[in-house]
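Numbering (my numbering), first residue to last: 23 to 124.
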C-alpha cells in the first residue's frame with residue numbers, strides 16, 4: 023500500500039512539473055508573438071509592403087490562369103471532295119503571349 027502511495031505521489035509530482043513546463047513555454051511563445059506583432063503593427067511601411075505583395079501575387083495568379091484557359095480555335099475550311107482532306111477544326115491551347123499580341 024505504501025508503495026502505491028509513493029508511486030502515486032511520484033506521478034503527481036511529475037505531472038505538476040510537466041504542466042509547469044508547458045505553462046512556461048506557452049508564456050514564452052505568447053510574449054514572443056506579442057512583441058513581434060506589436061513591432062509589425064507599429065511599422066506601417068511593413069504593412070503596406072505585405073499588402074502589396076499579396077495584391078501582386080493575386081494579379082499574377084489571375085493572369086496566368088487566364089492565359090492557361092485561353093484557347094484559340096483555328097478552323098480550316100474548304101470544299102470537301104473525294105480523296106481530299108476533310109475540313110477540320112483544330113484546337114490549340116495557348117500558353118503565353120504571342121509576338122503580335124499587344
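We treat Cβ as the ideally placed atom computed from N, Cα and C, and that holds for glycine.
| field | Cβ-based burial, residue 29 [other Cβ within 10 Å; buried from 16] | value | Within the chain shown, numbered from 1, the residue matching residue 29 stands at position 7. Classification for residue 29: exposed.
| In the structure shown, what three-state DSSP assignment does residue 95 receive? | Numbered from its first residue, the chain shown carries residue 95 at position 73. In this predicted model, residue 95 has a pLDDT of only 47, less than 50, meaning its place in the structure is not dependable; the value taken from the coordinates is given anyway. Residue state, collapsed to three classes: strand.
| query | Could you give the distance in angstroms between the alpha-carbon of residue 81 and the alpha-carbon of residue 68? | reply | The residue you call residue 81 lines up with position 59 of the chain shown. The residue you call residue 68 lines up with position 46 of the chain shown. Cα to Cα, residue 81 sits roughly 20 angstroms from residue 68.
| Roughly how many whole angstroms lie between the Cα atoms of residue 41 and residue 34? | For the purposes of this step, residue 41 is taken as the residue at position 19 of the chain shown. For the purposes of this step, residue 34 is taken as the residue at position 12 of the chain shown. Taking the straight line joining both Cα atoms gives about 11 angstroms.
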